[in-house]
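Right, one structure below, let's go through it.
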Amino acid sequence: MDLLQGTLDMLVLRTLVAGPLHGYGIAKSIRSASSEVLDVEFGSLYPALKRLEAKGWIASAWETSEHNRRAKFYKLTAAGRKQLVREHSKWADFVSTVGRIMGPAPEVKG
Amino acid sequence: MTIWNRLKYLFPARRRKEEQEMREELDSLTAIAGSQELGNLTLAMENARATWGWTWLESIFADIRYSLRALRRQPAFVAVAVLSLALAIGANSAIFSFADALLLRPLPIKNPAAVFDVSNITPDNPIEGMSFPDYRDLREKSRSFSGLAAYRITTLAAAANPAAPAQMRFASLVSDNFFVVMGVTPAAGRAFLPEEATASAQPVAVVSHDFWQQNYAGEPSVIGSSLRLNGIVFTIIGVAPASFTGLDRFVRPSIFVPSESPSVWTARRRIRWRIADATIW
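If you read the sequences in order, they're chains A and B.
Once you know that position 79 of the first sequence is 79 in the numbering used here, the rest is easy, because the numbers rise by one and skip nothing.
Once you know that position 18 of the second sequence is 18 in the numbering used here, the rest is easy, because the numbers rise by one and skip nothing.
Encoded structure:
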């Protein structure tokens, strides 16, 4: 399933609430949290990380990964946490509004 | 991103550091996940660089580099293009400076709109202006003008002080009332007196502002000092204001001399003078 436009940043911020992850870890985490439904391309995830970092919502540092390999780990900053709260409420409004309009699946004849 | 953060990415050193950092990060992830998992990393890096916000500038530079490469391959075309541009620009600016002097710039005097050019042209003498004796007659007997001034452009061998070597300079021979009729007040010293425009008078001169700056460094003490014109020692009595560069549109005289001090010019009826009058003010 493709991502809705503009939701990737929010998903990254949400994923990092659990703790610091490296770039590939974030992609894997989103994929598994969506039960493999959402396939986040690393090619679009990586620029998003750089964008979020430039905005100061996430910060990165070199650390040693679980398999004793060096990797750059991203973590939420305080500004990122605030941004996530904002995005979350916007998202909740959006889902409930669209849900109200769509209602239960209609019966379509023909 | 703040302006400062964006500007930082304009420095090549900063960009290299950032690129190096990205390459290391992507290499480390490739080691963890394998390159199959991560897909097109060149594209990922390209898009990450786009977040620095200077892609438009990079593409402009790329376009410039590309066009320079293309031009280098066609030197004959470049030569023709540059030559025709140079000729066109040169011709245009020449015509503009001509039109500017002729049409756009008003005479550098108090009331340019009130000044008329007075000429008597006869079939046997079609040159504009009139002789100095004719001018003198007109000035004495006519009551139609508020003032009639005569002037004539000439060249003089001018030496800024009697000991210095002489240089050819444009000079304006002017009637005694020239500065008064034109409404031009000297920047220093004074204009000519009527008695100074006679052949027997002490030779006096007014220098232009440029000449004053070049030869006397704008010293006010120049008033009363001497200058040699065509071998004759003149006393400087005044400096014209910087705005006044003479009545001729293309020649800017360095020195103003009363018409009759070199008396030989004013006696002849064949030598034409330009007569200007200021009627209205």
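Glycine included, C-beta positions come from ideal geometry on N, C-alpha and C.
Nearest residue (CA-CA) to residue i, options the options
i: B:MET22; options: A:PRO47, A:ASN68, A:GLY56 and A:TRP91; result: A:PRO47
i: A:LYS50; options: A:LYS72, A:ARG86, A:ALA92 and A:VAL85; result: A:LYS72
i: B:SER27; options: A:SER29, A:SER96, A:LYS28 and A:HIS22; result: In the sequence on display, residue 27 of chain B carries Asp and not Ser. Selected option, being the one with the closest Cα: A:HIS22.
i: B:GLN213; options: B:THR198, B:SER67, B:ALA240 and B:VAL233; result: B:ALA240
i: A:SER65; options: A:TYR74, A:ILE58, A:ALA59 and A:TRP57; result: A:TYR74
i: A:GLY80; options: A:ARG100, A:SER89, A:VAL40 and A:GLY56; result: A:GLY56
i: A:LEU84; options: A:THR7, A:LEU3 and A:ASP2; result: A:THR7
i: B:ALA166; options: B:SER172, B:SER175 and B:LEU156; result: B:LEU156
i: B:ASP210; options: B:ALA101, B:ALA81, B:PRO253 and B:GLY39; result: B:PRO253
i: B:ALA197; options: B:ARG143, B:PHE256 and B:PRO162; result: B:PHE256
i: B:TYR135; options: B:GLU260, B:SER200 and B:ALA101; result: B:GLU260
Neighbour flag for residue i against chain A, beta carbons, 8 Å
i: B:LEU29; result: yes
i: B:ASN92; result: no
i: B:ILE32; result: yes
i: B:ALA217; result: no
i: B:THR55; result: no
i: B:GLU25; result: yes
i: B:LEU38; result: yes
i: B:PHE11; result: no
i: B:LEU43; result: yes
i: B:ARG16; result: no
Opposing strand residues paired with residue i [DSSP bridges]
i: B:TRP56; result: In DSSP, B:TRP56 forms no bridge with anything.
i: B:ARG169; result: B:LEU156
i: B:ARG274; result: B:TYR151
i: A:SER60; result: A:TYR74
i: B:ALA48; result: In the DSSP output, where bridge partners are listed per residue, B:ALA48 has none listed.
i: A:VAL98; result: Answer by DSSP bridge pairing: none, since A:VAL98 is not bridged.
i: B:VAL174; result: B:TYR151 and B:PRO258
i: B:GLY189; result: B:GLY238
Within-8 Å CB hit, residue i to chain B
i: A:GLU41; result: yes
i: A:LYS50; result: yes
i: A:HIS22; result: yes
i: A:TYR46; result: yes
i: A:LYS72; result: yes
Contact with chain E by residue i, beta-carbon distance below 8 Å
i: B:THR245; result: Checking the listed chains, one finds no chain E in this structure; the protein chains it contains are A and B.
| field | Segments of 4+ residues assigned as alpha helix (DSSP H) that fall wholly inside the region 18-52 of chain A | value | As far as the region 18-52 of chain A is concerned, its whole alpha helix (DSSP H) runs of at least 4 residues are 23-33.
| query | In chain order, which continuous runs of the beta strand (DSSP E) of length 3 or greater are located wholly inside the region 83-156 of chain B? | reply | Contiguous beta strand (DSSP E) elements confined to the region 83-156 of chain B occur at 115-118, taking only those with 3 or more residues.
| query | Can you list, in chain order, the stretches of the beta strand (DSSP E) that have 3 or more residues and sit fully within the region 199-270 of chain B? | reply | Complete beta strand (DSSP E) runs here, min 3: 204-207, 226-229, 232-239 and 255-258.
| said: Count Cβ pairs between the region 121-128 of chain B and the region 157-177 of chain B that sit closer than 8 Å; are there 3 or more? | reply: Too few Cβ pairs lie closer than 8 Å, so no.
| message | So, does the region 29-41 of chain B touch the region 30-47 of chain A, judging by three or more C-beta pairs under 8 Å? | response | These segments touch.
| the region 41-58 of chain B in contact with the region 87-98 of chain A per 3-pair CB rule at 8 Å | By the Cβ criterion, the region 41-58 of chain B is not in contact with the region 87-98 of chain A, since fewer than three pairs of Cβ atoms, one from each stretch, lie closer than 8 Å.
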